[in-house]
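Using numbering that gives the first Met the number 0, read the sequence shown as starting at 0 and increasing by one per residue.
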Amino acid sequence: MKKHKAFLFFFFSMVICAQAQQDLKVGLILSGGGAKGIAHIGVLKEIERAGVRIDYIGGTSMGAIVGGLYACGYTASQLEEMLLNTNLSDVINDKFDRDLMSFDAKEDASRYAITLPIVKGRIQFPRSLSKGQNVYAMFVQLMHEQRNTQDFTNLPIPFYCVATDINTGAATVLDNGYLPLAVNASSALPTLFSPVRIGDRSLIDGGIVDNYPIKEMLSKGMDVIIGIDVQTNVRRTDDTSTLSEVLTRISSFQTQKQMASKEEKTQIYIRPELEAFNILSFDKQKEILAQGVLAGQKARPQLLALAKKQQKRGKEQKEIPHYFQLDKLLVGTTPNYKTNYLLGKLRLKSKNTYTFKKLKEGMSNLAATQNFDAFRYSLKTDNGKEVLKMTPPETKHTTLFRSSLHYDKLIGASALVNLTKKHAFLKNDEVSLEIMLGAYFQYSLSYFIDKGEFWSVGLSAIQHQFDTAAPVLLSTDQFAMNKSTNTRVLVQKNTWYIQTLFKEEVVLGAGLAHQHNVFKTNLFDTQTARFLYADKADYYSALGYLKVDTRDDKFYPNKGGFFEVDIHYYFSEKSSGKESVFIPFWIAKANTGATFPLDSKWALLLSTSGGFTVGDTTSSAFDFTFGGYGNAPVLNYQSFIGLPQQHAAGNSFVKAETTIDYEFTSKHHLKILINGGIVGTDIFNTGQWKRGIDYYSAGIAYGLETFAGPIELTAAYSPQFSKLLFHLNIGWQF
0 MKKHKAFLFF FFSMVICAQA QQDLKVGLIL SGGGAKGIAH IGVLKEIERA
50 GVRIDYIGGT SMGAIVGGLY ACGYTASQLE EMLLNTNLSD VINDKFDRDL
100 MSFDAKEDAS RYAITLPIVK GRIQFPRSLS KGQNVYAMFV QLMHEQRNTQ
150 DFTNLPIPFY CVATDINTGA ATVLDNGYLP LAVNASSALP TLFSPVRIGD
200 RSLIDGGIVD NYPIKEMLSK GMDVIIGIDV QTNVRRTDDT STLSEVLTRI
250 SSFQTQKQMA SKEEKTQIYI RPELEAFNIL SFDKQKEILA QGVLAGQKAR
300 PQLLALAKKQ QKRGKEQKEI PHYFQLDKLL VGTTPNYKTN YLLGKLRLKS
350 KNTYTFKKLK EGMSNLAATQ NFDAFRYSLK TDNGKEVLKM TPPETKHTTL
400 FRSSLHYDKL IGASALVNLT KKHAFLKNDE VSLEIMLGAY FQYSLSYFID
450 KGEFWSVGLS AIQHQFDTAA PVLLSTDQFA MNKSTNTRVL VQKNTWYIQT
500 LFKEEVVLGA GLAHQHNVFK TNLFDTQTAR FLYADKADYY SALGYLKVDT
550 RDDKFYPNKG GFFEVDIHYY FSEKSSGKES VFIPFWIAKA NTGATFPLDS
600 KWALLLSTSG GFTVGDTTSS AFDFTFGGYG NAPVLNYQSF IGLPQQHAAG
650 NSFVKAETTI DYEFTSKHHL KILINGGIVG TDIFNTGQWK RGIDYYSAGI
700 AYGLETFAGP IELTAAYSPQ FSKLLFHLNI GWQF
């Protein structure tokens, strides 16, 4: 009997041992490789399809991103869907939606092509192309359910990643802390992303020192290690590469020497064919993904054999979080920006439920000010309350160099050079000097004390200068007439103003202005032995304005609208050449429009504008004119395709525009434009605006979006001019 029991005990023990041996633990290593790491997702799809259960994940760089998300519980199919529905270029380059920016940031974004800091009197290139704000926002959202998991072994799948300490050059294993921050540090590719601060360490991409982190996995008690290696051999090349690629190539020499021993320790080694791609091939995501699937299929026999030796564990689709509860907001103060300023930019309040889109909007709005270096935040539970905590580090670079190039028919070719100094005299002030170099010398000098939603104060001085053949009113002792002639225009305007903001989208302001006009014609008066002036006087005015702009792009919007109203009351004039009594007059103008998306490629833009004068200006310098296209707003000139610059003029006008924009491929646009309008003398008092359109035109334009602004060529025709007219404008308007 005792022998029988002993036999049964031995038998069941052997069965249990056999079952235990059949439940092999599998570790997964995901290498770095930039865009090539997209292939990890394709291989993971085949691993899931074979039924292999992953028990531990280690990753570097892009492998840390894919591995971290997979460790949170997302399936490979979900990762693929996220990938294909995300514009990786916009995320990586920190492209901020224009409708999320402050009003000033919107103006700057459509004015300057280059912005660089000045350090110790020298222009300095930034440490990275991107601060990584959009990438980090994505991590915070997708990993939100694991926000309180301090120890990464407690994730649905235990996980670690590797980063490089920028000060010591040592590999740093990250297996605890705030998961989004750890993954962000491991994937901070030098020159592409800013270093990530964790505690007292500044960390960058782990691929610099360990691009295939198998060493740590060997100590985790795994029976089998699957390795997905998306690195490619370093080949001799004379091709020009980005600095990020150069650094990656340098580190790859050492990595390849180490890979022979690492590959020997990997039971199932999978290496997709990725020689045709580089670390920045994010526009080839489908092709790279397909190579990952193909590599996984080649390893399918090994994967199936491994799956048979494991106990099955289901992996359910997890929901992507879209909302979060905010119970408490902890924003640390900075030397020059108070808490109220930061909260005003964030637009978040405690004890509310928000979408992650709203969180991203607030952080983007704060980052778009360019007042802060790369900053990170945490969204975690503390004593039962959901707490958002952050202290954005102020940028040490308070002096900026900014520049742009532009060409249009009115001003010609110009280069814009700007120097901006923040905190010049006060904590929240800014001094800006712009010089426009070209055929005409122009400048803009401004001083602004920014108080956000409180009343801000500003001073500005600008000078416009150009030639025009617009009809002008000429007056001498013998005659007065309207005549078309070449006129050199010089306008200097100095303004003191106050303004306030509403939700960063609405600007309301008022002020006082001095305007000095010199309109010198090429007509010579033989009696006085002087050239005739259409206007040469100083004007003083009170002004008010209201601006609203919710467009997602100033030049090629897909949504949003704008509304602008500007009113000037000219109450005084000083002129040595006029003996008539000055009578005050008003000039008011408004411009409004909206964009309606028709589908992903088509958009309809409708706009209308109008203006009128109350009182006699006695000078054609204040007339509204039709003609030209592509130049920045100046005086009361209104663009009108198909007509030459300042072709028709009057003291009042009304105009409507319709534009159909077709983006037939990325950044390339085909536009159909239709204009109609009336300009003349007192068109609203005489009822002229009711009698029909005086000027109308139609045109077709090709536009290309570039980092330096749009390049647009327009062919247009107006029956009132009777000639096909071409308009060319290049670069941001200024």
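The beta-carbon is built from N, C-alpha and C at its ideal position, and this holds for glycine as well.
- A distance of 7 angstroms or more separates the beta carbons of Thr520 and Thr467.
- Partner residues in a beta bridge of Met216, as assigned by DSSP, do not exist.
- Taking Gly66 as the centre and dropping the five residues before and after it, the same chain places the C-beta of Leu27, Leu29, His39, Ile56, Gly57, Gly58, Phe158 and Cys160 closer than 8 angstroms to its C-beta, in chain order.
- Selection Gly560, Leu545 and Lys379 evaluated against Asp552 yields Gly560 as nearest (Cα-Cα).
- For the set Leu404, Gly383 and Ser127, the Cα lying nearest the Cα of Phe706 is the one of Leu404.
- Here Gln149 is exposed: its Cβ has fewer than 16 other Cβ atoms, across all protein chains shown, within 10 Å.
- Selection Ile287, Asp660, Ala536 and His513 evaluated against Ser599 yields Asp660 as nearest (Cα-Cα).
- For the pair Lys261 and Ile227, the Cα-to-Cα distance works out to about 12 angstroms.
- Counted as a single uninterrupted DSSP element, the beta strand (DSSP E) harbouring Pro709 occupies residues Gly708 to Tyr716.
- The Cβ neighbour count for Trp495, taken over all protein chains shown within 10 Å, is under 16; the residue is labelled exposed.
- By the criterion of at least three beta-carbon pairs nearer than 8 angstroms, the region 304-318 is not in contact with the region 270-285.
- Counting only the Cα atoms, Gln514 lies some 15 angstroms from Leu444.
- Nearest Cα to Ile91 within the set Arg52, Leu68 and Asn133: Asn133.
- DSSP places Ile692 outside both helix and strand once states are collapsed to three, so it counts as coil.
- Under the DSSP assignment, Met435 falls outside any alpha helix (DSSP H), being part of the beta strand (DSSP E) whose first and last residues are Asp428 to Gly437.
- The region 699-719 and the region 384-391 do not touch, with fewer than 3 CB-CB distances between them shorter than 8 angstroms.
- Excluding residues up to 5 positions away in sequence, Tyr159, Val161 and Glu215 lie with their Cβ nearer than 7 angstroms to the Cβ of Val172 in the same chain.
- Asn147 places its beta carbon less than 7 angstroms from that of Thr380.
- Taking 7 angstroms as the cut-off, the beta carbon of Asn175 is found closer than this to the beta carbon of Phe151.
- In this structure, the alpha-carbon of Leu68 lies about 40 angstroms from that of Ile122.
- Ala136 carries a helical assignment under DSSP once its states are collapsed to helix, strand and coil.
- The way I'd put it, the region 177-190 doesn't touch the region 93-113; fewer than three beta-carbon pairs between them come closer than 8 angstroms.
- Contact between Ile699 and Ile729 does not hold, since the beta-carbon distance rounds to 18 angstroms and is not under 8 angstroms.
- The alpha-carbon of Leu128 is positioned some 11 angstroms away from that of Leu115.
- Nearest to Gly32 by C-alpha distance, out of Tyr439, Val416 and Asn277, is Asn277.
- Per DSSP, Gln309 lies in no alpha helix (DSSP H) and is assigned neither H nor E.
- The beta carbon of Phe530 sits closer than 8 angstroms to the beta carbons of Lys519, Thr520, Asn521, Leu522, Phe523 and Asp524 from its chain, once the five residues preceding and following it are set aside; these are given in chain order.
- Membership of Met81 in the alpha helix (DSSP H) is indicated by the continuous run Ala75 to Leu83.
- Just measuring C-alpha positions, the residue of Tyr406, Ser608 and Phe355 sitting nearest Gln140 is Phe355.
- Under the DSSP definition of a beta bridge, Lys388 partners with Leu329 and Ser377.
- Per the C-alpha coordinates, the member of Ala112, Ile497 and Phe623 positioned closest to Val416 is Ala112.
- In the structure shown, Asp103 falls within a helical segment according to DSSP collapsed to helix, strand and coil.
- In the DSSP assignment, Ala602 falls within the unbroken beta strand (DSSP E) covering Trp601 to Val613.
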